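Everything on this sheet refers to the single structure shown next.
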Amino acid sequence: MDLQIALLLGQDGITNGAIYALLALALVLVFAVTRVIFIPQGEFVAFGALTLASFQAGKTPGTLWLLIGAGVVVALVDITQALRSGALRRIPRIVGWNLVYPAAAAATVFLLKPGEFPLVGQIVLALVLVVPLGPMMYRLAFQPLAEASVLVLLIVAVAVHLALVGLGLLFFGAEGSRTPSFSDASFNLGLVTVSGQTVWVVSASLLLIVVLFVFFERTIYGKALRATAMNRTGARLMGISTVMAGKLSFLLAALIGAFSGILIAPITTVYYDTGFLIGLKGFVGAIVGGLTSYPVAAAGAILVGLLEAFSSFWASAFKEVIVFTLIIPVLVWRSLTTRHVEEDE
Amino acid sequence: MARRLLLAGFLGLLLISPLVASEFHITLLNYIGLYAIVALGLVLLTGVGGLTSFGQAAFVGLGAYTTAYLSTAQGLPGWASMLGGSPWLGLLAGLLVTGLVAYLLGLLTLRLSGHYLPLGTIAWGISLYFLFGNLEFLGGHTGMSGIPALSLFGVELRDGRKFYYMVWATVLGAVWLTQNLLNSREGRAIRALKGGVVMAEAMGVDTARSKVVIFLIAALFACVSGWLYAHLQRFVNPTPFGLHIGIEYLFMAVVGGAAHVWGALIGAGVITVLKQWLQDWLPKLLGASGNFEMIVFGVMMIFVLQRARDGLWPILTRFVPLSDAKREVPIGDALPKKPVPESGKVLLEARNVFKRFGGLVANNNMCLSVKAGEVMALIGPNGAGKSTMFNCVSGVDSASEGEVLFRGEAVTNLNSRQIARLGMSRTFQHVRLLPTMTVLENVAIGGHLRGSQGVLSAMLHLERGEEARLLAEAARQVERVGLRDSMFDLAGSLALGQQRTLEIARALCADPCLLLLDEPAAGLRYMEKQALAELLRKLRGEGMGILLVEHDMDFVMGLADRVVVMEFGEKIAEGLPDEVQRDPVVLEAYLGGVD
């Protein structure tokens with residue numbers, strides 16, 4: 060290996076690492092607020108990328124049907140509950156978010172021909188379709204089990220992942236898709252050529268991280284989420300709705316996931332089940348941070364990206380073996396350094 | 139009775155089905171059997187032991203690939219060629235390989251706490267899957283074919299109908315082994331892993347070892363299933379050993395009822411039949427081909443966990459009356475007892491014990507001693523540090539500074555399991571019971587160190603003599619504390635006072651020479667307190683040393699030989715009950731100053 064190859068691999072590693080870092084942040088956020096180990100994160104990555112690809116191919120993405128279907132189910136569940144508890148005032152809001160919003164999205168897709176939109180418009184529309192699936196998923200799968208143990212929540216998360224992978228196959232088929240680059244520019248920096256997409260990915264990730272930082276430090280909702288993460292009961296006693304916190308954290312996770320998918324789609328071919336492995340690599344990063352520290356998680360994710368890039372050079376067939384075996388010593392180190400009271404689960 | 143009939147009916151059906159069922163149904167039943175073996179391991183590991191694994195499919199793969207490689211490979215090196223060709227040697231080698239890999243993975247990942255463990259199993263599940271697919275000598279992603287059929291007593295098990303009996307004999311064998319294990323001394327230790335680790339350790343159970351044991355058993359069951367699979371299919375590739383299949387195995391256990399041995403069979407049956415059916419219908423319905431059953435399984439799993447977290451088995455058994463065969467009081471010879479220390483000899487001595495939690499000093503320079511044949515009471519207002527002192531003395535926690543001697547030996551740095559072995563037994567202020575086990579079984583955990591038979595003899599039921607003596611001893615202690623009428627009730631159904639009494643019986647079952655009781659009289663009624671005091675007097679008369687933390691002053695003053703009073707982590711008085719009651723410092727601590 061010479062310096063040029065090393066720099067090339069380093070660039071690859073940092074690009075992928077930036078995406079893993081974004082996912083790691085979302086995973087830390089969801090775990091801290093809801094105690095859910097968010098295995099389905101990867102499906103948002105795939106859904107985001109493939110929805111965008113569908114628009115570009117002039118097709119109607121299946122995620123639209125999922126949005127409509129999930130909306131109807133959430134509306135049914137919530138309206139039944141509202142009727143039972145006599146809280147009729149809630150009904151317009153429920154109908155608005157779960158029935159009218161998907162209908163409006165459907166109208167946009169069918170009437171406005173998103174295939175002809177500029178890229179930015181397509182990206183926004185893809186996010187509009189995919190992101191609300193996050194809070195809907197929280198409502199249906201996790202909210203009824205909000206007080207269950209981490210292990211039960213983990214099994215549910217795995218079940219949701221499985222269902223979504225199946226739906227992904229149904230909606231998008233077994234073929235992969237790749238979307239065009241955000242920019243064709245490339246920059247010569249001495250030995251190495253940096254592609255425009257790399258610049259996009261890294262700067263978009265950085266920007267998103269800054270936005271999240273501001274959100275958590277400066278806004279009332281961000282602070283509410285942090286409070287819930289620190290102490291659920293305490294937050295509830297202070298009037299913070301844990302249901303709201305759960306939905307909001309899932310919304311953010313879905314946004315980050317779908318956006319990561321859109322960022323990565325021009326770099327690698329995305330299949331309906333690609334998201335899982337990408338999400339798991341974000342996980343390795345998140346676990347380096349003990350599922351609690353944002354900066355350490357991000358650093359861990361970059362490390363995973365670099366490790367993956369370099370191991371694909373030396374032993375490409377064993378790339379996944381190396382990355383996932385790495386997680387075990389990290390887990391051991393983590394569980395030895397965190398204090399854990401065995402019977403509090 | 140009804141259950142016996144149902145079991146006989148089930149076995150009869152199993153026996154005759156190859157004579158009547160179609161080829162297709164035989165194949166289905168074979169697969170259900172193979173999956174049930176893996177799910178059974180998960181029942182032991184996850185349902186009973188509380189350790190979640192998504193990676194069992196990888197162990198199935200190890201079993202399948204080992205036998206596939208050994209029975210097909212050409213040109214093995216000389217020492218290995220004698221292994222080649224025979225499926226039975228393949229089984230042996232598979233068990234060895236799987237055992238070794240599982241032991242190493244277990245050493246690493248079982249130390250992981252809480253949710254880190256299942257994440258670890260996902261990681262090595264994926265790693266092993268990619269390893270199978272990328273190793274040239276295992277045929278890569280295309281796999282290996284030409285695996286020979288099994289032969290048994292000269293009969294070649296070439297078709298599914300012949301193989302059927304092989305599969306189901308293995309399933310029933312595994313069920314038998316698992317049930318035997320669960321109804322034994324080691325089994326009770328395993329059942330304590332879920333929510334009773336601190337208690338089990340204090341009763342002398344090596345919980346880390348128990349975890350490794352169930353992890354190994356689950357892995358070996360999976361390996362056997364893989365071995366059968368390889369010789370049934372006579373072809374292996376990596377697909378059936380991936381993470382998704384590992385998740386499916388866990389689903390089988392959870393859907394069937396993860397805490398019940400028969401739940402594994404129900405779960406394997408339901409998921410396999412459903413999968414078959416969905417794989418036929420969904421692609422037609424949706425007009426595309428693919429594994430769409432995943433969608434249904436995922437949704438079903440969410441529904442099960444939200445609505446019926448204990449799975450299908452408990453729902454099914456609700457309709458069958460419980461047999462009452464198990465309600466006979468066990469009879470057996472007495473277990474050997476340890477020699478009782480001479481009365482008046484110092485048993486326990488704590489010297490200058492400090493315990494700090496960060497800046498808080500919970501125990502500050504505490505000293506106390508307990509002699510054989512005396513009741514020593516440790517009293518003090520709430521938050522004085524009495525329970526902390528208890529934990530330091532019994533090894534549940536370790537002192538920050540100072541020395542604890544038990545029967546002349548320094549035990550300051552020993553853990554609670556090692557201290558229990560020396561003859562100290564305790565109860566807990568907040569009762570630590572296993573609510574879904576009977577009173578008798580809970581008490582029998584106390585006798586853990588008085589038995590010596592291991593896991594293997596428990597699985598084969600070779601330890602029935604010792605088991606009978608243990609249960610009889612437990613029954614004697616249950617009667618001794620006056621819980622005879624509730625012996626077969628679930629511990630969780632008792633009133634709080636009775637649960638405390640149960641803890642005393644459990645501690646006594648260990649045959650201790652020093653008994654540590656943390657608020658034993660709390661929640662008891664007057665008559666029950668009288669009976670408890672009577673029991674403690676009797677134990678004292680037999681030469682036992684008793685260290686007592688208690689708030690009920692009538693109870694303490696009528697019983698104790700000596701009293702130590704604590705406040706704010708320090709000893710403020712020590713002496714005879716009468717002296718202490720008149721001590722102005724004690725009066726001030728309890729009643730406030732008299733200015």
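If you read the protein sequences in the order shown, they are chains A and B.
Under my numbering, the letters of the first sequence match residues 60 to 404, in that order.
Under my numbering, the letters of the second sequence match residues 139 to 733, in that order.
Think of the CB as a built atom: it goes at the ideal place given N, C-alpha and C, for glycine as much as any other residue.
In this text the structure is predicted, and so the values were computed from the model without any measurement.
query                                                                                                                      : result
Below-9 Å beta-carbon distance, M390 of chain B vs any chain A residue                                                     : no
Exposure label - L677 of chain B; buried when at least 16 CB within 10 Å                                                   : buried
Inter-stretch contact at 8 Å, needing at least 3 Cβ pairs: the stretch 503-510 of chain B / the stretch 477-487 of chain B : yes
Same chain, Cβ closer than 8 Å to T238 of chain A, neighbours up to 5 away in sequence not counted                         : A108, L111, A112, Q115, I321, A324, P325
Test: Y367 of chain B CB closer than 9 Å to a CB of chain A                                                                : no
Reduced DSSP category for M196 of chain A - H, G, I as helix; E, B as strand; rest coil                                    : helix
Unbroken alpha helix (DSSP H) run spanning V393 of chain B, endpoints                                                      : 381-394
Which of helix, strand or coil DSSP assigns to K709 of chain B                                                             : strand
Boundaries of the beta strand (DSSP E) in which A94 of chain B is found, first to last residue                             : This structure leaves residue 94 of chain B out entirely; chain B is present only between 139 and 733.
Within chain B, partners of E379 of chain A - CB distance below 8 Å                                                        : I264, S265, F268
Outcome for H83 of chain B when other beta-carbon atoms lying within 10 angstroms are tallied against a minimum of 16      : In the structure as shown, chain B starts at 139 and stops at 733, and residue 83 of chain B therefore has no counterpart that could be examined.
Separation of G395 of chain B from T526 of chain B, as counted between CA atoms                                            : 39 Å
Reference S236 of chain A, options A:D332, A:V251, A:G128, closest by Cα                                                   : A:D332
Secondary structure of M282 of chain B, DSSP reduced to three states                                                       : strand
Residue-chain proximity (P452 of chain B, chain A), Cβ-Cβ < 9 Å                                                            : no
Assumed close pair F97 of chain A, V189 of chain A - CB separation to whole angstroms, cut-off 8 Å                         : Between V189 of chain A and F97 of chain A the Cβ distance is about 15 Å, and since that is not below 8 Å, they are no contact.
Classification of M665 of chain B by the beta-carbon crowding that lies within 10 angstroms, buried from 16 upward         : exposed
Residue burial classification, F309 of chain A (beta-carbon count within 10 angstroms, cutoff 16)                          : buried
Endpoints, alpha helix (DSSP H) assigned at L284 of chain A                                                                : 279-289
Boundaries of the alpha helix (DSSP H) in which A129 of chain A is found, first to last residue                            : 122-143
A174 of chain B beta carbon less than 9 Å from that of V309 of chain B                                                     : yes
Chain A contact for P722 of chain B (CB, 9 Å cutoff)                                                                       : no
Residue-level contact to chain A via CB, H382 of chain B, 9 Å cutoff                                                       : yes
Reduced DSSP secondary structure (H/G/I, E/B, other) of L212 of chain A                                                    : helix
Under 9 Å between C-beta atoms of G428 of chain B and S191 of chain B                                                      : no
Chain A contacts from the stretch 440-451 of chain B (Cβ-Cβ distance under 8 Å)                                            : I440, L443, Q444, R447
Whole-number beta carbon distance between I268 of chain A and A360 of chain A, since they are thought to touch under 8 Å   : About 11 Å separates the two Cβ atoms, so there is no contact after all.
Within 7 Å of chain B by C-beta, residues of the stretch 187-216 of chain A in sequence order                              : A200, P203, L204, V209, L210, V211, L213, I214, V215
Under 8 Å by beta carbon: chain A residues contacting T247 of chain B                                                      : I387, L390, V391
Where T328 of chain A falls, given that 16 or more other Cβ within 10 Å makes a residue buried                             : exposed
Beta carbon proximity, A426 of chain B to chain A, threshold 9 Å                                                           : yes
Span of the beta strand (DSSP E), counted from its first residue to its last, around G338 of chain A                       : It is not in any beta strand (DSSP E) - G338 of chain A instead sits in the alpha helix (DSSP H) that spans 333-347.
Coil, strand or helix - V411 of chain A by DSSP                                                                            : The requested residue 411 of chain A is not part of the displayed model; chain A covers only 60 to 404.
Where the stretch 189-200 of chain B meets chain A: residues whose CB sits under 8 Å from a CB there                       : T190, F192
Proximity below 9 Å, CB of V478 of chain B to CB of G679 of chain B                                                        : no
Span separating the alpha-carbon of G407 of chain B from that of P452 of chain B                                           : 16 Å
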